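See structure below.
Residue numbers (full-length UniProt numbering): 1 to 593.
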């Protein structure tokens, strides 16, 4: 069944049917030709014989003798009939069984009755209507004029066509045999030819399937130099070009994929109807945040604002921009149209995470506001007390000294603020310089702690130092910077601990470094403020007086100093239970001599 559907089968059957049709028509024509040829030969032979009989009868005055001689001329299965017009005398060969029916047909036929006036007449009779399909049952009649001395007449010879039946049958058998042999040879030749022609086509079909599977190195052997060979050459060239273009497209796709994957901004490609086509990892995170925030409240695949921007792009054919907030993050969405010739086929959405920029902008504004706020009070005081001196408001010398002392204190405070800002700026820029030295760490901690015995006593606060480190244990660090950190932490602890409270400073050696603790029993820090205690100008106690609160930069500076020593600092606090600051300093490498 598969053969008939193939090119081989179709070509084979086509050639076979074409040759069979031609042979069928040729056989019909040959059979008709040979049948007519044999009939014509019979007519010609009967005509010659009839003319001979007429001449013999005409040359003998004795009619009976002429008749006898004429009968001798004809052979089986020819029959003779002689008719004389003047007396309608009929002479026939009764010994040969001439049928009366045939003689009646001859006598009644008007055309044959005019033989004496014309030349020889040949005619074919059908004995019965049923014999019309079989010509071999017909009768051939040939009539020729007969001229005697005293009368005229006609000589009729007739013969059944059955005598040529065997001859025609032999001829038909030979023609059919030749046609059969021709069909067999044609079948073999057609199969061989179709197989030979289609063999390269089958190889090209197999190669095409291999190319469809992605094997672009597949080649078709070139066996001939005809059109099929040229087709094979074209197929191989097509395979090479296809491989080249596929590789180019793959490289461009990989390059585009790499670019999209490495982009910090999210990229989403939409179809015209809003279907998502392509996304990169930042866009996937953006969509995941949308799905998480949407939860079970709806089934929108993209945020409503983004869909609205997409619809505006399709309608206006211009770029659209909007902002959206998801999970506490701020995004800027830029939607640009994608064209297919002159028609918009979709849009590309660029999602830019602006959270850090917004945070930095807020920090900048807060920094300016905080610095302005911190400087406003001392500047106002300097301005006010300076005006008091200029206007001679202070009457006594003591009042003038008091005003001068306030101006001096405020100028020192402004100086500390500016210095702290400069130090913090240098530290955050990575320009901090550490003057490292080998320091006995326990004695160092005792000395720093003892500095606050006086202030602690003034505030009715007890301060203690605890350590399990050997007295001679040394550590490489910048002692001035670490003292600055400890001073800030202990000073904050003393100032924020109420009367009869306790401040504990401890030192322990851990694996890889030393762990420093500054613990107080003060009011503590609210839980929501803990993540921000190391930011600039942060003050947990908003109600503290400005004289005691400092600049709000100490903890930010302390964090930068600790991190410059490759350490880390953290805080634990609970309202009304106190606060504990802890920082870890790893062992430092030896100082270069």
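By construction, the Cβ of each residue, glycine as well, lies at the ideal position given by its N, Cα and C atoms.
Only a predicted model underlies this, so the values are computations on that prediction, with no experimental measurement involved.
Contiguous alpha helix (DSSP H) assignments of at least 4 residues, all confined to the region 340 to 416: 355 to 390
Supposed close pair residue 142, residue 50 - CB separation, criterion 8 Å: Your numbering for residue 142 matches position 142 in the chain shown. Your numbering for residue 50 matches position 50 in the chain shown. That belief holds up - the Cβ atoms of residue 142 and residue 50 are roughly 5 Å apart, short of 8 Å.
Cα-Cα separation, residue 233 to residue 254: Translated into the one-based positions of the chain shown, residue 233 becomes position 233. Translated into the one-based positions of the chain shown, residue 254 becomes position 254. When rounded, the distance between both Cα atoms is 31 Å.
Cutoff 8 Å; reference residue 496; Cβ partners in own chain excluding five residues on either side: Sequence index remark: in the chain shown, residue 496 carries index 496 (1-based). Within the same chain, residue 496 has close Cβ partners 520, 522, 523, 541 and 579.
Contacts around residue 478, its chain only, beta-carbon distance under 7 Å, and the 5 residues preceding and following it disregarded: Looking up residue 478 in the chain shown gives position 478. Correct list, in chain order: 434, 435 and 436.
Given residue 270 as reference, the closest of 288, 346, 286 and 383 once Cα atoms are compared: Position 270 of the chain shown, counting from 1, holds the residue named residue 270. Comparing alpha carbon positions, the residue from 288, 346, 286 and 383 closest to residue 270 is 346.
Separation of residue 178 from residue 70, as counted between CA atoms: Mapped onto the chain shown, residue 70 falls at position 70. Mapped onto the chain shown, residue 178 falls at position 178. Each residue's Cα considered, the two are about 43 Å apart.
Secondary structure of residue 542, DSSP reduced to three states: In the chain shown, residue 542 corresponds to position 542, counting from 1. At residue 542 the pLDDT is 48, less than 50, meaning the model places this residue with poor confidence; the figure from the coordinates comes in the next sentence. It is coil, neither helix nor strand.
CB contact check: residue 325 to chain C, cutoff 9 Å: Absence of chain C from the displayed structure is noted, only one protein chain being present.
Cβ neighbour criterion (16 or more within 10 Å) applied to residue 554: Locating residue 554 in the chain shown gives position 554, counting from the first residue. Residue environment for residue 554: buried (at least 16 other C-beta atoms within 10 angstroms of its C-beta).
Residue range of the alpha helix (DSSP H) that includes residue 153: As a working note, residue 153 is residue 153 in the chain shown. For residue 153, there is no enclosing alpha helix (DSSP H); the residue is part of the beta strand (DSSP E) that begins and ends at 152 to 160.
Ordered list of beta strand (DSSP E) runs contained in the region 465 to 498, each at least 3 residues: 474 to 477
Residue from 453, 305 and 450 with nearest C-alpha to residue 332: Counting from 1 along the chain shown, the entry for residue 332 is found at position 332. Of the candidates 453, 305 and 450, the one whose C-alpha sits nearest the C-alpha of residue 332 is 305.
Whole-angstrom distance between residue 74 and residue 18, CA atom to CA atom: Numbered from 1 along the chain shown, position 18 holds the residue referred to as residue 18. Numbered from 1 along the chain shown, position 74 holds the residue referred to as residue 74. Computed Cα separation, rounded: 49 Å.
Residue 35 versus residue 181 - alpha carbon distance: Numbered from 1 along the chain shown, position 35 holds the residue referred to as residue 35. Numbered from 1 along the chain shown, position 181 holds the residue referred to as residue 181. For residue 35 and residue 181, the distance between alpha carbons rounds to 22 Å.
Three-state class that DSSP yields for residue 36 in the structure shown: Within the chain shown, residue 36 is the residue found at index 36, counting from 1. Residue 36: helix per DSSP, three-state reduction.
Euclidean distance between Cα positions of residue 461 and residue 518: Taking the first residue of the chain shown as position 1, residue 461 is located at position 461. Taking the first residue of the chain shown as position 1, residue 518 is located at position 518. Spanning the two alpha carbons is a distance of roughly 14 Å.
Alpha carbon of residue 56 to alpha carbon of residue 138, nearest angstrom: Position 56 of the chain shown, counted from the first residue, corresponds to residue 56. Position 138 of the chain shown, counted from the first residue, corresponds to residue 138. Cα to Cα, the separation comes out at about 28 Å.
For residue 509, the residue or residues it bridges with in DSSP: Sequence index remark: in the chain shown, residue 509 carries index 509 (1-based). According to DSSP, which records beta bridges pairwise, residue 509 is partnered with 514.
Ranges of the alpha helix (DSSP H) found wholly within the region 255 to 340, counting only runs of at least 4: 281 to 294 and 304 to 316
As assigned by DSSP and simplified to three states, the class of residue 580: Mapped onto the chain shown, residue 580 falls at position 580. Of the three classes helix, strand and coil, the one that applies to residue 580 here is strand, per DSSP.
Candidates 122, 467 and 62, of which the one nearest residue 40 by Cα: Reading the chain shown from its first residue, position 40 is the one you call residue 40. Residue 122 is the option with its Cα nearest to residue 40.
Own chain, CB closer than 8 Å to residue 543, minus 5 neighbours either side, in chain order: Working through the chain shown from its first residue, we reach residue 543 at position 543. Only weak support exists for where residue 543 lies, its pLDDT of 42 falling under 50; the value from the coordinates is given anyway. For residue 543, where only same-chain residues beyond five positions count, there are no Cβ hits under 8 Å.
3-residue-minimum beta strand (DSSP E) runs that sit fully inside the region 147 to 211, ordered along the chain: 152 to 160
Residues near residue 190 by beta carbon distance below 6 Å, same chain, minus five either side: Residue numbering aside, residue 190 sits at position 190 when the chain shown is read from its first letter. Within the same chain, residue 190 has close Cβ partners 12, 15 and 16.
Assigned secondary structure, residue 64 (DSSP; H/G/I helix, E/B strand, else coil): Counting from 1 along the chain shown, the entry for residue 64 is found at position 64. Reduced to three states, the DSSP call for residue 64 is helix.
DSSP-derived helix/strand/coil call for residue 526: Counting from 1 along the chain shown, the entry for residue 526 is found at position 526. The answer is coil: DSSP assigns residue 526 none of H, G, I, E or B.
Extent of the continuous alpha helix (DSSP H) run through residue 437: Your numbering for residue 437 matches position 437 in the chain shown. First-last for residue 437: 437 to 440, but that is the beta strand (DSSP E), not the alpha helix (DSSP H).
Chain-order list of residues whose beta-carbon lies under 7 Å from that of residue 86 (same chain, five-residue window excluded): As a first step, residue 86 must be located in the chain shown, where it is residue number 86. Low confidence applies to residue 86: its pLDDT is 47, below 50, so where it sits in the model is not reliable, and the reading given next is rough at best. Counting only Cβ-Cβ distances below 7 Å, and skipping sequence neighbours, we find 151.
Beta-bridge pairing of residue 570 - partner residues as DSSP gives them: Within the chain shown, residue 570 is the residue found at index 570, counting from 1. Paired residues: 582.
Residue burial classification, residue 396 (beta-carbon count within 10 angstroms, cutoff 16): On the chain shown, position 396 is the one that residue 396 refers to. It counts as exposed.
Pair within 9 Å by beta-carbon distance, residue 491 and residue 452: Taking the chain shown and counting its residues from 1, one reaches residue 491 at position 491. Taking the chain shown and counting its residues from 1, one reaches residue 452 at position 452. In contact: residue 491 and residue 452 (Cβ atoms closer than 9 Å).
Beta-carbon proximity list for residue 10, same chain, < 6 Å, skipping 5 on both sides: Counting from 1 along the chain shown, the entry for residue 10 is found at position 10. Taken in chain order, the list of residues that qualify is empty.
Inter-residue Cα distance where the pair is residue 466 and residue 509: On the chain shown, residue 466 is found 466 positions in, with the first residue counted as 1. On the chain shown, residue 509 is found 509 positions in, with the first residue counted as 1. Their backbone Cα atoms lie some 12 Å apart in a straight line.
Under the three-state DSSP convention, the category residue 460 falls into: Counting from one through the chain shown, the residue named residue 460 turns up at place 460. Reduced to three states, the DSSP call for residue 460 is coil.
Residue nearest to residue 185 in terms of C-alpha spacing, selected from 20, 569 and 583: Walking along the chain shown from the start, residue 185 turns up at place 185. Measuring from the Cα of residue 185, the nearest candidate turns out to be 20.
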